[in-house]
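Structure first, then comments.
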Amino acid sequence: MRDGHGGSRRTYVHILVAEAFLGERPFPKAVVRHLDGVSSNNKLENLAWGTYQQNEDDKRNHGTWESRYGGKLTDAQRDRIRRRASNGESQRHLRGRVWG
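Going by this note's numbering, the sequence shown opens with residue 211, and the numbers climb by one from there.
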């Protein structure tokens, strides 16, 4: 899509569907939520406007939330990392042990 200044910008399908069929964003920082947790399901009945926090809560409830390093952690991994961190192990070393 063009940005109005001669350049282009990335627009996601779920945003286009929401804007076309759910109307404009109801508030400035509204995000589009995928109600079933499947980000490729851009059917109208699966989309809703919401807050960033609602979207993050949805991800956790659906089990689709991922760490910023791109991998899901089990509760056991999370506990092990916290235990090692509390014993003084560096974050860099912990990242290498878990993801490396």
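Idealized CB from N, CA, C, for every residue including glycine.
Here the structure is a predicted model, which is why all the values come from computation and not from measurement.
Skipping 5 residues on each side, what residues in its chain have a beta carbon closer than 6 Å to that of residue i?
{"i": "N397", "result": "In the structure displayed, the chain extends from 211 to 310; residue 397 sits before or after that span and is not available."}
{"i": "A228", "result": "V242 and L257"}
{"i": "W275", "result": "K269"}
{"i": "Y262", "result": "V241"}
So if DSSP puts residue i in a beta bridge, which residue, or which two residues, is it bridged to?
{"i": "L245", "result": "Paired residue(s): none; L245 is not in a bridge."}
Around the C-beta of residue i, are 16 or more other C-beta atoms found within 10 angstroms, so that it is buried, or is it exposed?
{"i": "H303", "result": "exposed"}
{"i": "H215", "result": "exposed"}
With a CB to CB cut of under 7 Å and the five nearest residues on each side skipped, what residues in its chain are close to residue i?
{"i": "K253", "result": "none"}
*Secondary structure, beta strand (DSSP E): runs of 3+ residues fully inside the segment 257 to 305*: 257 to 260
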